[in-house]
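So for the sequence shown, this note's numbering puts the first residue at 1482; every next one is plus one. Virtual Cβ for every residue (Gly too), placed ideally from N, Cα, C. Here the structure is a predicted model, which is why all the values come from computation and not from measurement.
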Amino acid sequence: MMETDKGVIFDLDGVIVDTAKFHFLAWRKLANDLGFDFTQEQNEQLKGVSRVESLKKILEWGELELSKTEFKRQMALKNENYLSYVAKMDKREILPGVQKIIDYLIINNVPFALGSASKNARTILKKISLLEKFDAIVDGTDVSKAKPDPEVFLIAAGKLRVKPENSIVFEDSVAGIQAAKNAQMLSIGIGDPKTLGEADYVFPDFTKIDLDFIKKVLTK
Ligand code: B16
Ligand code: MG
């Protein structure tokens, strides 16, 4: 077994599963129902951003203002629609290469947590049969400050009893990488190096990360 005092924190959406495509479909339906549209490019700006902040942005794009009640109603409708996609998920939705790394952490007794902005994180982890594997779960229901605030990752490290500077974060969003940096953690970006240039390391996806690399960051 490996000697390490490190711990690992995974973001959910865009790292473990590609629920971003479902968020996009659901937000787009909301916009269309309200009489406008937005692009996939604009959708990039919604990644890692909370539900409330996402709707605020979308309404800005549509140059629309809603009453408080209507805003809440639209958020609930979007979530209902989003959850109809989530309901169809199963473990085949786990992104390629992720399981191998999770198995490696388990075998080597390295603690790992979830650090996600989503209030649906537990539902999704259950659908993909990973809920019981995590040593700690911190999600949108546990935090008051959204990424890039480090809160979500600091709570996760605290639950793992790992120091922030010994924590390694996997993230696909710019806000998430900034949150990891703000928490003094090592950040590993999953996605496009042009977007995630602030991260300590960037990989296009988990299939490009080999176990030697994981061992290296866990033991140095
Ligand atoms: P929910 P992550 C984030 O998840 C998503 O990237 C973002 O698009 C979404 O708006 C946010 O969760 C809130 O999700 O509506 O399910 O509470 O990437 O932090 O795992
Ligand atoms: Mg994400």
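For Ile1605, the closest C-alpha among the options Val1496, Thr1485, Lys1701 is that of Val1496.
With contact defined as three or more Cβ pairs closer than 8 Å, the segment 1601 to 1615 and the segment 1569 to 1589 are in contact. Here Leu1641 has Gly1488, Pro1592, Ala1594, Asp1616, Ala1617 as same chain residues with Cβ atoms under 7 Å from its own Cβ, once five neighbours each way along the sequence are excluded. Beyond the five residues adjoining it in sequence on each side, Leu1515 comes within less than 7 Å, by CB distance, of Gly1543, Leu1545 in the same chain, given in chain order. Excluding the 5 residues flanking it on each side, Val1567 has same chain C-beta neighbours closer than 8 Å at Thr1500, Phe1503, Asn1601, Thr1604, Ile1605, Lys1608, in chain order.
Boundaries of the beta strand (DSSP E) around Phe1593: 1593 to 1596. For Phe1684, the enclosing beta strand (DSSP E) has its first and last residue at 1682 to 1684. A direct Cα-Cα distance of roughly 15 Å separates Gln1555 from Glu1541.
If you measure from each CB to the nearest heavy atom of the ligand MG, the residues under 6 Å come out as Asp1492, Asp1494, Gly1495, Val1496, Lys1528, Gly1529, Asp1653, Ser1654, Gly1657. Under the criterion of beta carbons closer than 8 Å, Ile1669 and Val1650 qualify as touching, at roughly 7 Å.
Gly1488 is bridged by DSSP to Ser1648.
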